[in-house]
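These notes are about the structure you will find just below.
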Amino acid sequence: MDQRHDFPGYLACQSCDSMFDVSRLRDGDTASCSRCGGFLTRYVADQFVQVVAIAIAALVLLALGCSYPFMTLNLNGLESGMTLPQVALSLIAHRMPLLSISVAAFIIVIPAVVLILVIALAGAIALERHFDWLRPVGRLIFTLQSWSMVEVFFLGVLVSLVKISGIAMVEMGFAFWAYAVFSFLFLLAVTGLDRAQCWHQIEQLSQHE
Amino acid sequence: MSNGFNTASSRGLACCHLCLKLVRQDSHLCPRCGTAVHQRKANSLERTLALIVTASLLYIPANLLPIMITTSLGEVTESTIIGGVLLLVDMGSIAIALVIFFASVVIPLTKMAVIYYLCWSVKRGRLGTARQRTLLYRMVEFIGKWSMIDVFVVAILVALINWSGLLMVRPGPAALAFAGVVILSMIAAESFDPRLMWDLEPPAEQPNKKPVERPVVKFVVKPDVKPGQEFESE
Ligand SMILES: [Zn+2]
Ligand SMILES: [Zn+2]
Numbered sequence: 537m538d539q540r541h542d543f544p545g546y547l548a549c550q551s552c553d554s555m556f557d558v559s560r561l562r563d564g565d566t567a568s569c570s571r572c573g574g575f576l577t578r579y580v581a582d583q584f585v586q587v588v589a590i591a592i593a594a595l596v597l598l599a600l601g602c603s604y605p606f607m608t609l610n611l612n613g614l615e616s617g618m619t620l621p622q623v624a625l626s627l628i629a630h631r632m633p634l635l636s637i638s639v640a641a642f643i644i645v646i647p648a649v650v651l652i653l654v655i656a657l658a659g660a661i662a663l664e665r666h667f668d669w670l671r672p673v674g675r676l677i678f679t680l681q682s683w684s685m686v687e688v689f690f691l692g693v694l695v696s697l698v699k700i701s702g703i704a705m706v707e708m709g710f711a712f713w714a715y716a717v718f719s720f721l722f723l724l725a726v727t728g729l730d731r732a733q734c735w736h737q738i739e740q741l742s743q744h745e
Numbered sequence: 003m004s005n006g007f008n009t010a011s012s013r014g015l016a017c018c019h020l021c022l023k024l025v026r027q028d029s030h031l032c033p034r035c036g037t038a039v040h041q042r043k044a045n046s047l048e049r050t051l052a053l054i055v056t057a058s059l060l061y062i063p064a065n066l067l068p069i070m071i072t073t074s075l076g077e078v079t080e081s082t083i084i085g086g087v088l089l090l091v092d093m094g095s096i097a098i099a100l101v102i103f104f105a106s107v108v109i110p111l112t113k114m115a116v117i118y119y120l121c122w123s124v125k126r127g128r129l130g131t132a133r134q135r136t137l138l139y140r141m142v143e144f145i146g147k148w149s150m151i152d153v154f155v156v157a158i159l160v161a162l163i164n165w166s167g168l169l170m171v172r173p174g175p176a177a178l179a180f181a182g183v184v185i186l187s188m189i190a191a192e193s194f195d196p197r198l199m200w201d202l203e204p205p206a207e208q209p210n211k212k213p214v215e216r217p218v219v220k221f222v223v224k225p226d227v228k229p230g231q232e233f234e235s236e
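Residue numbers (our numbering), protein chains in the order written: chain C, 537 to 745; chain D, 3 to 236.
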């Protein structure tokens with residue numbers, strides 16, 4: 537077994553508090569609680585390198601998704617288009633700043649921040665370098681990650697497509713496809729970063745300092 | 003709290019909710035990540051109930067007020083969540099109508115009912131096993147954010163349909179109220195501590211318990227083992 541990724545001894549189930557010995561997992565193993573079925577941890581030997589690569593690709597796609605037209609409408613020759621940031625920004629014009637901020641946070645800002653932090657953290661772990669900011673960055677990632685709604689927004693796009701198609705011609709722009717691939721990669725990156733292993737690595741790096 | 007079962011708390015340990023480190027029960031800050039450690043989420047029931055009651059109250063204006071206001075050639079139409087669903091049925095988009103109906107009505111109502119029930123189950127009687135109720139909790143935690151769909155649809159239509167004088171869509175106050183319902187009930191689910199249900203379980207179901215159990219390990223990528231095969235390693 538890869539020594540550097542040697543796993544911490546014990547974990548308690550988050551749902552029922554039972555304790556488990558997870559020290560002998562092998563590459564690709566997923567451990568779950570035998571009392572309630574809850575997920576404990578998943579061990580992948582080179583997960584941090586993979587996560588960095590996926591997160592960089594996702595971040596690039598999100599940037600592209602924000603800068604190109606997302607959808608274009610055509611109603612008897614009248615054209616109207618929108619970009620991704622406009623989904624949130626146009627709500628300000630209707631005096632709904634709170635809603636605008638929430639939408640921007642759920643579909644753009646939180647995912648972008650999480651990706652940047654994941655690249656920094658998983659990158660540092662992959663390179664076996666310790667920095668003082670690893671702990672606060674780790675805390676932010678695992679606090680923010682449940683607040684991204686990229687996949688929900690994507691379903692929302694599909695629903696609005698059907699709603700509009702009765703009124704006008706819709707054309708999907710380049711940003712639509714970029715965002716589609718981005719949402720998939722984002723979920724891969726976030727689920728690929730195993731909480732227990734990630735913190736075990738941070739602890740190890742700080743001790744070797 | 004300790005009932006002879008093989009739990010972290012029965013061994014005098016608490017689990018850090020952020021980094022999962024097991025620390026001594028009397029520690030205040032987690033030595034690994036620096037967050038405050040509680041043996042069980044702090045004031046879990048009170049916080050969960052307060053949030054879910056607020057969410058339930060907010061659900062009323064979210065349904066009564068218009069979520070979307072359409073101006074077509076000077077004619078103004080206000081539509082509520084249910085109105086939007088009925089309109090989709092009229093248009094013949096039954097599948098989409100069902101998606102919106104589920105996301106905006108079934109999921110939030112189910113979620114609120116389940117959270118009330120789980121809180122009650124910790125205080126009072128217990129229907130179903132703790133394992134079943136934990137599954138219910140996980141389901142509710144997972145489906146919560148999908149309720150946001152209708153808010154996103156409104157935001158997209160507002161950004162896209164914007165020919166003033168001809169055809170224009172504006173967001174209604176219910177969009178904000180409904181987003182509030184979703185966010186509050188997400189925080190409520192997060193505040194609930196499922197371990198409270200297990201703390202009430204009768205002691206040691208199995209005799210001959212080993213000091214520390216081995217988890218169920220699923221060998222996902224090992225080609226020599228059948229997928230999904232489960233066993234206690236060692
Ligand atoms: Zn469990
Ligand atoms: Zn911690």
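Here a beta-carbon is modelled for each residue, glycine too, at the ideal position from N, C-alpha and C. Keep in mind that this is a model prediction, so the values were computed, not measured.
Proximity test, Cβ basis, 8 Å: residue i and chain C
i	result
Leu-104/D	The sequence shown places Phe at residue 104/D, not Leu. Chain C, which has no Cβ nearer than 8 Å to the Cβ of Phe-104/D, makes this no.
Ser-123/D	no
Thr-56/D	no
Ala-10/D	yes
Thr-82/D	no
Arg-197/D	yes
Asn-210/D	Confidence is the limiting factor: at Asn-210/D the pLDDT is only 43, short of 50, which leaves the residue's position unreliable, though a coordinate-based value still follows. Closer than 8 Å: no.
Ala-115/D	no
Contact check, residue i vs residue j, beta carbons under 8 Å
i	j	result
Val-686/C	Phe-722/C	yes
Met-150/D	Phe-642/C	yes
Val-673/C	Leu-657/C	yes
Asp-152/D	Ile-98/D	no
Asp-563/C	Tyr-579/C	yes
Leu-22/D	Leu-15/D	no
Gly-573/C	Asp-557/C	no
Asn-610/C	Met-705/C	yes
Ser-701/C	Trp-165/D	no
Ser-145/D	Ile-117/D	Checking the displayed sequence, the identity of residue 145/D turns out to be Ile instead of Ser. No; because the gap between Cβ atoms is not below 8 Å, this pair is not in contact.
Ala-57/D	Val-183/D	yes
Leu-284/D	Ser-74/D	Past the edges of chain D, shown from 3 to 236, lies residue 284/D, and the structure says nothing about it.
Cys-17/D	Ala-10/D	yes
His-630/C	Val-160/D	yes
Leu-635/C	Ala-52/D	no
Pro-136/D	Pro-196/D	Per the sequence shown, the amino acid found at residue 136/D is Thr instead of Pro. Contact flag set, yes.
Boundaries (first-last residue) of the beta strand (DSSP E) holding residue i
i	result
Tyr-496/C	Nothing can be reported for residue 496/C: it is not among the residues displayed for chain C, which extend from 537 to 745.
Gly-617/C	614-618
Ile-71/D	70-74
Glu-48/D	Per DSSP, Glu-48/D belongs to no beta strand (DSSP E); it is in the alpha helix (DSSP H), 46-66.
Glu-80/D	77-81
Leu-576/C	575-578
Leu-547/C	546-548
Arg-675/C	Run containing Arg-675/C: none in the beta strand (DSSP E); it sits in the alpha helix (DSSP H), 670-680.
Boundaries of the alpha helix (DSSP H) in which residue i is found, first to last residue
i	result
Arg-197/D	197-201
Phe-180/D	175-193
Cys-121/D	109-125
Phe-642/C	Counting along the chain, Phe-642/C falls outside any alpha helix (DSSP H), and DSSP gives it neither H nor E.
Met-141/D	132-145
Tyr-715/C	710-728
Cys-734/C	731-743
Ser-696/C	686-701
Asp-582/C	That residue, Asp-582/C, is in no alpha helix (DSSP H); it is neither H nor E in DSSP.
Whole-Å CB distance - residue i paired with residue j, under 8 Å assumed
i	j	result
Ala-714/C	Tyr-604/C	7 Å
Ala-176/D	Leu-67/D	4 Å
Leu-595/C	Ile-652/C	7 Å
Lys-147/D	Met-188/D	6 Å
Phe-584/C	Ala-711/C	Rounded, the Cβ-Cβ distance is 30 Å, inconsistent with contact.
Met-555/C	Asn-8/D	6 Å
Ala-662/C	Val-588/C	6 Å
Min CB distance residue i to chain D below 8 Å
i	result
Cys-602/C	no
Ser-551/C	yes
Gly-702/C	yes
His-744/C	no
Ala-567/C	yes
His-630/C	yes
Val-585/C	no
Met-618/C	yes
Note to self: By the 9 Å beta-carbon criterion, what residues does the stretch 13-37 of chain D contribute toward chain C?
What the structure shows: Arg-13, Leu-15, Ala-16, Cys-17, Cys-18, His-19, Leu-20, Cys-21, Leu-22, Lys-23, Leu-24, Pro-33, Arg-34, Cys-35, Gly-36 and Thr-37
Next item on the list: Please list the residues of the stretch 633-648 of chain C that have a C-beta atom closer than 9 Å to any C-beta atom in chain D, keeping them in chain order.
Entry: In summary, the residues of the stretch 633-648 of chain C whose CB is separated from some CB of chain D by less than 9 Å are Leu-634, Leu-635, Ser-636, Ser-638, Val-639, Phe-642 and Ile-643, in the order they occur in the chain.
Item checked: Contact set between the stretch 717-728 of chain C and chain D, restricted to residues whose Cβ is under 7 Å from the partner -> none
Check: the stretch 36-52 of chain D: which residues have C-beta closer than 7 Å to a C-beta of chain C, in chain order?
Finding: Cβ contacts with chain C: Gly-36 and Thr-37.
Note to self: Taking beta-carbon pairs under 9 Å, can you tell me which members of the stretch 158-171 of chain D lie near chain C?
What the structure shows: Ile-158, Leu-159, Val-160, Ala-161, Leu-162, Ile-163, Asn-164, Trp-165, Leu-168 and Leu-169
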